[in-house]
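In this note's numbering, the protein residues as written are 231 to 325.
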């Protein structure tokens, strides 16, 4: 029998899966015999990870690319233009 993986392997699909998990889990709390505290913790963890994968990671990657470009300009630029480096990473706001 072939194994069925329920969690997506691709990052692009994981944020949506985690958001759906956070939405569906409370509906099944009684059947799963989980406490309200366990459900709240699992939902919070799923939403946090969905945020990191879906929002924070792409923003951090864009910041990394802009930082690399600023460093390259500082090292190889003509010096005539002012190099504006990304001084700090500001993550997107929490949903």
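Beta carbons are placed, not taken as given, at the ideal position from N, Cα and C, and that holds for glycine.
Check, Outcome
"Return the residue from the list 271, 233, 232, 321 that minimises the CA-CA distance to residue 283.", "321"
"Can you give me the start and stop residues for the alpha helix (DSSP H) that residue 251 sits inside?", "241-254"
"Comparing the C-beta of residue 242 with each C-beta of chain C, is any distance below 7 Å?", "The chain labelled as chain C is not found in the depicted structure, where only one protein chain is given."
"Taking 8 Å as the cut-off, does the region 287-296 touch the region 255-268 (at least 3 CB pairs, one atom from each stretch)?", "no"
"Under 7 Å between the Cβ atoms of residue 276 and residue 248?", "yes"
"Would you report the Cα separation of residue 270 and residue 252, rounded to the nearest angstrom?", "9 Å"
"Note down the Cα distance separating residue 279 from residue 245, rounded to an integer number of angstroms.", "7 Å"
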